[in-house]
Amino acid sequence: MQKLIQKLRIATKATKLLVHFSLGGILIPTLGFWLPFNTSFHKKITQWWLKRACNILSLTVKIKGQLPSDPGFFVSNHVSWMDIIVIGGHTPIRFLSKAEVRQWPIIGWFAACTGTLFIQRGNGKSTVMANIIQEELGKGESILVFPEATSTDGKQVRRFFPNMFSAPINANAPVHPLAIHYSENGSPSSKAPFINDDEFFSHLLSILKSDNINVTLHALNSISTNIDSRRKVVSDLAREQITDAIL
């Protein structure tokens, strides 16, 4: 009987998620055709859509601290594809992602619709990436990057790549560190991390099976920058705050 109830619960969640993505598939690209992503209305609709996705996936999100109201360069540890849904559902922001994410089923398509900036990684690409971010910051956009450049199990914070911090320094933009932590029954969640060669639909199914995953999003102290700031110093300050928040 319990297995039947679980199957019905999964089917209900999956149906809601499918309907929600279908709605987003019509609404957000249509808005993108008529309105630039950086308009307030477009951002509010996208934020509402992402927050609703959190509810469908049974993610209970708690914010610790005050999310910044001023635009800037947001940085966070990276655990899962759900990081984008959680953070984007609670603050108007654009994401920076590796180009291959564009090819991911569902997530890649929607990321493009919500204004994600896709960047080719590799030798000689860091300058191009920094210039793109700096340009967007100069327009008053908020950009989020994951400076670890990979996802983890959420029990560690890998070293940050300082090159990513040249953009906010050159743009005189503040750095806003965020820390994200997933838990179940008081312990770090083993289901939330999406790492290595995890397959998307298998991972999604495990999330749909969960009754609830608690997510704590820590808004940490902003770091002011100017042209004299050193990338490594700013990077280390951000990483130290994030590490202290989740470990």
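All letters in the sequence shown, in the order written, are residues 28 to 274 by our numbering. C-beta atoms are modelled at their ideal positions from N, C-alpha and C, and glycine is treated no differently. In this text the structure is predicted, and so the values were computed from the model without any measurement.
Within the same chain, V128 and R129 come within 7 Å of G135 by CB-CB distance, once the 5 residues on both sides are set aside. When A219, K166, A157 and G181 are compared, the shortest CA-CA separation from P189 is found for A157. Secondary structure of V113 (DSSP, three-state): helix. Residue environment for G116: buried (at least 16 other C-beta atoms within 10 angstroms of its C-beta). If you ignore the 5 residues before and after S216, its C-beta comes within less than 6 Å of the C-beta of Y209, S210 and I240, all in its own chain and listed in chain order. Taking a cut-off of 8 Å on C-beta distances, the region 138 to 146 does not touch the region 246 to 263, as fewer than three cross pairs fall below it.
DSSP, read as helix, strand or coil, puts H105 in coil.
With fewer than 16 other Cβ atoms inside 10 Å of its own Cβ, R257 counts as exposed. Taken in chain order, the complete beta strand (DSSP E) segments of 3 residues or longer contained in the region 212 to 250 are 240 to 246.
Judged by DSSP secondary structure, S124 falls within the beta strand (DSSP E) whose first and last residues are R121 to K125. Per DSSP, the continuous beta strand (DSSP E) segment holding V172 begins and ends at I170 to V172. Residue nearest to E226 within the set I83, W108 and R186 is W108 (criterion: CA-CA distance). When C-beta atoms of the region 174 to 193 are compared with those of the region 251 to 265, three or more pairs fall below 8 Å, so the two segments count as touching.
Counting the other CB atoms within 10 Å of its CB gives S67 a total below 16, which places it among the exposed residues. In this structure, A176 and N104 do not form a Cβ contact; the two beta carbons are roughly 11 Å apart against a cut-off of 8 Å.
For I254, the closest C-alpha among the options N199, N223 and I83 is that of N199. A Cβ-Cβ separation of about 6 Å places E168 in contact with P98 under the 8 Å criterion. One alpha carbon belongs to K91, the other to T243, and they sit about 7 Å apart. For F192, the secondary structure class from DSSP, reduced to helix, strand or coil, is helix. DSSP places I254 in the coil class of the three-state scheme, outside both helix and strand.
Bridge partners of I90 according to DSSP: L244.
Beyond the five residues adjoining it in sequence on each side, P119 comes within less than 7 Å, by CB distance, of K70, Q74 and S169 in the same chain, given in chain order.
When secondary structure is reduced to three states using DSSP, L54 falls in the helix class. According to the DSSP assignment, L144 belongs to the beta strand (DSSP E) that extends over L144 to I146.
In this structure, P195 and L235 do not form a Cβ contact; the two beta carbons are roughly 37 Å apart against a cut-off of 8 Å. L123 counts as buried, since at least 16 other C-beta atoms from the protein chains shown sit within 10 angstroms of its C-beta.
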